[in-house]
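With the sequence shown counted from 1, adding 82 to any position gets you our numbering. Each residue gets a CB set at the ideal place from its N, CA and C atoms; glycine is no exception. Here the structure is a predicted model, which is why all the values come from computation and not from measurement. I have placed the structure first, in the form of structure tokens, so that the comments after it can refer back to it.
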Amino acid sequence: MMVRAELDKLCILYGNIDLGEIEIKQVLSQEELTFLGAALLRSGLELMDNKKAILIERIKNVVIELVHYTADFPSIRKSDYISQKLQYDYTYLANIFSESLGMTIEHFIILHKIERVKELLMYDEKSLTEIAFMLNYSSVSHLSSQFKKVTGLTPTFFKNMRYKKRINLEDV
83 MMVRAELDKL
93 CILYGNIDLG
103 EIEIKQVLSQ
113 EELTFLGAAL
123 LRSGLELMDN
133 KKAILIERIK
143 NVVIELVHYT
153 ADFPSIRKSD
163 YISQKLQYDY
173 TYLANIFSES
183 LGMTIEHFII
193 LHKIERVKEL
203 LMYDEKSLTE
213 IAFMLNYSSV
223 SHLSSQFKKV
233 TGLTPTFFKN
243 MRYKKRINLE
253 DV
């Protein structure tokens with residue numbers, strides 16, 4: 083609604099507005115782009131017209147959806163899942179992602195999986211075995227070693243800590 087209001091204020095013709103995407107039906111001058119960017123920024127949004135930056139955000143969103151909002155982690159390879167979702171060759175996606183962010187998609191997935199593990203441990207509703215199965219780890223020991231490598235703590239120690247620090251998703 084905020085995006086629609088800003089576009090209407092600036093008299094910019096638009097079509098479809100989806101989460102993270104706007105279809106602009108006219109060519110915008112540099113001045114109009116600057117005004118639109120400033121208006122969106124005031125609303126806490128960012129104008130991204132760089133195709134690579136948009137694709138990287140789409141990769142991040144697919145990973146976040148996969149790790150945090152999918153009830154059952156798919157059994158297909160993550161690379162195939164991401165490639166199918168975005169309709170691009172995985173090698174192309176991986177190259178753009180690592181070139182821009184300095185980390186691989188796989189490492190980004192691991193960071194998000196560990197944040198999901200932290201969340202599940204904090205809720206204390208699932209055992210480590212159930213969490214490992216849910217996030218498609220080959221074993222509890224694989225999950226534990228990856229958790230320790232990323233956090234420096236064992237999952238059990240983390241679970242028993244009084245102060246449990248999680249990282250905001252947008253900061254991962």
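Outcome for residue i when other beta-carbon atoms lying within 10 angstroms are tallied against a minimum of 16
{"i": "ALA214", "result": "buried"}
{"i": "LEU95", "result": "exposed"}
{"i": "ILE99", "result": "exposed"}
{"i": "ILE187", "result": "buried"}
{"i": "ALA121", "result": "buried"}
{"i": "ARG198", "result": "buried"}
{"i": "GLU252", "result": "exposed"}
Residues sharing a beta bridge with residue i, DSSP
{"i": "TYR219", "result": "According to DSSP, which records beta bridges pairwise, TYR219 is partnered with nothing at all."}
{"i": "GLU103", "result": "ASP100"}
Residue i Cβ short of 7 Å to the ligand FMN heavy atom set
{"i": "GLU212", "result": "This structure does not include the ligand FMN; it has no bound ligands of any sort."}
Inter-residue CB distance, residue i and residue j (contact presumed, cutoff 8 Å)
{"i": "GLU103", "j": "GLY97", "result": "Not really, about 10 Å apart at Cβ, beyond 8 Å."}
{"i": "SER226", "j": "THR236", "result": "6 Å"}
{"i": "TYR172", "j": "SER165", "result": "4 Å"}
Residue i (DSSP reduced to helix, strand or coil)
{"i": "ILE249", "result": "coil"}
{"i": "GLN108", "result": "coil"}
{"i": "ILE146", "result": "helix"}
{"i": "ALA153", "result": "coil"}
{"i": "ASP171", "result": "coil"}
{"i": "THR236", "result": "coil"}
{"i": "MET204", "result": "helix"}
{"i": "CYS159", "result": "As written in the sequence, residue 159 is Arg, which differs from the Cys given in the question. If DSSP states are grouped into helix, strand and coil, ARG159 belongs with coil."}
{"i": "GLY184", "result": "coil"}
- Decide if the segment 110-117 is in contact with the segment 134-152; the criterion is three or more beta carbon pairs, one per stretch, under 8 Å apart. no
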